[in-house]
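Novice: Numbering (this note's numbering), first residue to last: 2 to 419. Idealized CB from N, CA, C, for every residue including glycine. Source: prediction; values computed, not measured. This is the structure I have questions about; it appears just below.
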């Protein structure tokens, strides 16, 4: 939430408190007198209005303190995200925060009478992914420990859809649903991948950071793949969060995929509800290298890989490359074992070259700072062009990108934000 907006609301709340203190009914004062040994008028230290103020202030302070606990946690989590992602420092677009929704009425007896709920904290659109940060409550510390460990009895699942009707989404997800229905996504604590070591010590650190015992809430993150055709991301998107019994998802060794999906019926341990998710637009810097002749030779042949271009996002880069074996390695023959083996060996060779290109590339910022890139994460293929992705260790300020070095060849970038 914008800091000025927060300060403004706090001022409005203060004004409402003062109004309440000055307009309390004398009936409450009379009731308070019965609790005192002497009449209020005979007390030299307190006059009627002073006690009025103290009584009402004590009640309001207790109420406001109780309300502030949940709100401050929500706001604190947003502040920590802004700092860890360097949103303000790097003028990062595509990040959006959401106010804490009202807590549902306590109409159930689950977890000491608290109604299960999910709160949307922030979303961050970055390249092909939209990271969604949210919290669920109530969840005990034991359940939270289980949710972020390897040895799980239950697991947290997120379903994204263009429809709010998600009651049977978990049954439909594997049965060849029509385009635009459901997409299922993994859930993890909101940390960097290279920090994620699921040891007992690390799990304790994660719980200390992301679990709040007072509100029984756990902060989590999921990443929507915006190229996933199961959901139309240009339309309103809804997110449902459930804890699912993993045993109900298990596939036995002697059953076929068809048999598995035929009996697919996950057991829901707890449904935290469905909320709308807003995914913001984002910014990127694009560079076309088609006329630059950025060519990378294959070590075992006279073939070359050509780098066609790149899109630079705040913490991800998207590359387009091509070579003469693209169609072959992404369409390996299934009816010829020898041809398949040779094609697979060729695929491995090109995958190594893909990694060399990314591992040997560096972003250059206006102050001379060099930002190293990670190797490729995946290699989607379409119409003879392979798309490679690489992550940056931290967000960058797109306005400061001036050049990129590819295997020692430095190319200036025309930056529209400069």
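Could you tell me which uninterrupted alpha helix (DSSP H) segments, each at least 4 residues in length, are contained entirely in the region 319 to 376, listed from first to last along the chain?
Specialist: 327 to 330 and 338 to 360
Novice: In terms of DSSP beta bridges, what is residue 245 paired with?
Specialist: For residue 245, which the question treats as bridged, DSSP gives the partners 156 and 269.
Novice: Confirm, please, whether the CB-CB distance from residue 249 to residue 277 is below 8 Å.
Specialist: no
Novice: Within the chosen definition, does the region 233 to 240 reach the region 278 to 290 through at least 3 CB pairs nearer than 8 Å?
Specialist: yes
Novice: So, is residue 213 buried or exposed, given that buried needs 16 or more other C-beta atoms within 10 angstroms?
Specialist: Buried, since its Cβ has 16 or more Cβ neighbours within 10 Å.
Novice: Which residues share a DSSP beta bridge with residue 127?
Specialist: 130.
Novice: What is the DSSP secondary structure of residue 406, counted as helix, strand or coil?
Specialist: strand
Novice: Compare the C-alpha of residue 325 against each of 348, 138, 413 and 101 and name the closest.
Specialist: Selected option, being the one with the closest Cα: 348.
Novice: Residues in the same chain with beta-carbon distance under 8 Å from residue 403, minus the five sequence neighbours each way, listed in chain order, please.
Specialist: 365, 366, 367, 413, 414, 416 and 419
Novice: Work out the CA separation of residue 354 and residue 410 for me, nearest whole Å.
Specialist: 16 Å
Novice: I'd like the list of long-range same chain contacts for residue 291, defined as Cβ closer than 6 Å, with 5 residues on each side in sequence excluded.
Specialist: 309
Novice: So what's residue 284 in DSSP terms, helix, strand or just coil?
Specialist: coil
Novice: Look up residue 145 in the DSSP assignment and say whether it is helix, strand or coil.
Specialist: helix
Novice: Between the alpha carbons of residue 124 and residue 270, how many angstroms are there, rounded?
Specialist: 26 Å
Novice: Can you confirm whether the region 326 to 334 touches the region 392 to 402 when touching is taken to mean that 3 or more C-beta pairs between the two stretches lie within less than 8 Å?
Specialist: no
Novice: Does DSSP put residue 96 in a helix, a strand or coil?
Specialist: strand
Novice: Of the choices 362, 369, 301 and 388, whose alpha-carbon is the least far from that of residue 346?
Specialist: Taking only the C-alpha atoms, the option nearest residue 346 is 301.
Novice: With distances taken between CB atoms, is the gap from residue 99 to residue 161 smaller than 8 Å?
Specialist: no
Novice: Start and end of the beta strand (DSSP E) containing residue 312?
Specialist: 305 to 313
Novice: May I ask you to report which of helix, strand or coil DSSP gives residue 82?
Specialist: helix
Novice: Does the structure place the region 372 to 387 close enough to the region 336 to 343 that three or more beta carbon pairs sit under 8 Å?
Specialist: Fewer than three pairs of CB atoms, one per stretch, sit closer than 8 Å, so the region 336 to 343 makes no contact with the region 372 to 387.
Novice: Give the single residue among 288, 391, 357 and 273 whose Cα lies nearest to the Cα of residue 159.
Specialist: 273
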